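**Q** What follows is a single structure, and I will ask about it in a moment.
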Amino acid sequence: MALKATIFKAELQIADMDRNYYHDHALTLARHPSETDERMMVRLLAFALHAGEGLSFGQGLSTDDEPDLWQKDLTGAIECWIDVGLPDEKLVRKACGRARQVFVYCYGGRGADIWWNQNNSKLERLENLGIMNLPLSTTQALAGLAQRNMQLQCTIQDGQIWFSDKNNTVQVDLTQLKTLAR
Numbered sequence: 075m076a077l078k079a080t081i082f083k084a085e086l087q088i089a090d091m092d093r094n095y096y097h098d099h100a101l102t103l104a105r106h107p108s109e110t111d112e113r114m115m116v117r118l119l120a121f122a123l124h125a126g127e128g129l130s131f132g133q134g135l136s137t138d139d140e141p142d143l144w145q146k147d148l149t150g151a152i153e154c155w156i157d158v159g160l161p162d163e164k165l166v167r168k169a170c171g172r173a174r175q176v177f178v179y180c181y182g183g184r185g186a187d188i189w190w191n192q193n194n195s196k197l198e199r200l201e202n203l204g205i206m207n208l209p210l211s212t213t214q215a216l217a218g219l220a221q222r223n224m225q226l227q228c229t230i231q232d233g234q235i236w237f238s239d240k241n242n243t244v245q246v247d248l249t250q251l252k253t254l255a256r
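According to the working numbering, the stretch in the sequence shown is residues 75 to 256, in order.
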């Protein structure tokens, strides 16, 4: 018998002073049986960093054709493609051909460093690609916020990011490995 996804509910308040975006989101996240709390919370962080009209979660781990998050315009063209983890370099290049902007949020400590060292020469020429790395301590702290029903706040100001619930606050450290050229 196949295992079913675990459903998480998140009420996420975003105050992004850098983009002048202030909004509350009621989100339902389906966590695949093979997905960790850490990965799910990185997906939620990516949502907060790119939140806007039309941004939605993709099918996730169950399909290679879809990103973890994406935003389409009214014609169905993909405006923004967001992947979490250490995606195959070929899939990233394919995404760059399909979307106006592509973002990868990698994490995993040494594994993320090895992934970047193996792929940076192939990915650095893709102008519509941005890659960020999250340190292991940050993603583990984010995983500590995961609950089946979450009430979270994300505050972004002057490039600083804080993610918190009623008891804990995590300062999110992002390292920009590759900047979007256009």
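From the three backbone atoms N, C-alpha and C, an ideal C-beta is built for every residue, glycine too.
Remember, predicted model here, so these are calculated numbers, not experimental data.
Buried or exposed for R172, please, with buried defined as at least 16 other CB atoms from any protein chain shown within 10 angstroms of its CB.
**A** On the sequence shown, residue 172 is found 98 positions in, with the first residue counted as 1. Its Cβ having fewer than 16 others within 10 Å, R172 is exposed.
**Q** Quick check on the DSSP output: the alpha helix (DSSP H) that includes Q175 runs from which residue to which?
**A** Within the sequence shown, numbered from 1, the residue matching residue 175 stands at position 101. Here Q175 belongs to no alpha helix (DSSP H); instead the beta strand (DSSP E) covers A173 to Y181.
**Q** Specify the secondary structure class of G204 as computed by DSSP and reduced to three states.
**A** Within the sequence shown, numbered from 1, the residue matching residue 204 stands at position 130. Here G204 sits in strand by DSSP.
**Q** Should the segment 190-203 be called in touch with the segment 233-241, which here means at least 3 C-beta pairs below 8 Å?
**A** The answer is no - the segment 233-241 does not touch the segment 190-203, with fewer than three Cβ pairs under 8 Å.
**Q** Apply the 10 Å Cβ neighbour rule to D90 and answer buried if 16 or more other Cβ atoms are within range, or exposed otherwise.
**A** Counting from 1 along the sequence shown, the entry for residue 90 is found at position 16. Its Cβ being crowded by 16 or more others within 10 Å, D90 is buried.
**Q** Just verifying my parser: in three-state terms, what is the DSSP assignment at T243?
**A** Counting from one through the sequence shown, the residue named residue 243 turns up at place 169. Reduced to three states, the DSSP call for T243 is strand.
**Q** Which of the three DSSP states, helix, strand or coil, is assigned to D232?
**A** Locating residue 232 in the sequence shown gives position 158, counting from the first residue. Note: D232 maps to coil in three-state DSSP.
**Q** Please determine, among Q145, T149 and T243, the residue with the shortest C-alpha to C-alpha distance to Q175.
**A** Locating residue 175 in the sequence shown gives position 101, where the first residue counts as 1. Among Q145, T149 and T243, the Cα nearest to that of Q175 is on Q145.
**Q** With a CB to CB cut of under 7 Å and the five nearest residues on each side skipped, what residues in its chain are close to K252?
**A** The residue labelled residue 252 in the question sits at position 178 within the sequence shown. Only L197, E198, L203, G204 and I205 meet the Cβ criterion.
**Q** DSSP three-state label for E109, please.
**A** Residue 109 sits at position 35 when you count from the first residue of the sequence shown. Of the three classes helix, strand and coil, the one that applies to E109 here is coil, per DSSP.
**Q** Could you spell out the range, first to last residue, of the beta strand (DSSP E) harbouring A84?
**A** Sequence index remark: in the sequence shown, residue 84 carries index 10 (1-based). Counting along the chain, the beta strand (DSSP E) containing A84 begins and ends at T80 to D90.
**Q** Using a Cβ-Cβ cut-off of 6 Å (strictly less than) and excluding sequence neighbours within five positions of F177, which residues of its own chain qualify?
**A** Start at 1 with the first residue of the sequence shown, and residue 177 comes out as number 103. Excluding positions up to five away in sequence, the list reads I156 and G204.
**Q** So what's M75 in DSSP terms, helix, strand or just coil?
**A** The count along the sequence shown starts at 1 and reaches residue 75 at position 1. Per-residue confidence for M75 stands at a pLDDT of 49, beneath the threshold of 50, marking its modelled position as unreliable; the derived number appears in the next sentence. Correct three-state label for M75: coil.
**Q** So, are the CB atoms of L165 and G182 less than 8 Å apart?
**A** If you number the sequence shown from 1, residue 165 lands on position 91. If you number the sequence shown from 1, residue 182 lands on position 108. No. Outside cutoff.
**Q** With a CB to CB cut of under 6 Å and the five nearest residues on each side skipped, what residues in its chain are close to C228?
**A** Mapped onto the sequence shown, residue 228 falls at position 154. Excluding sequence neighbours, C228 sits near I88, A122 and F237.
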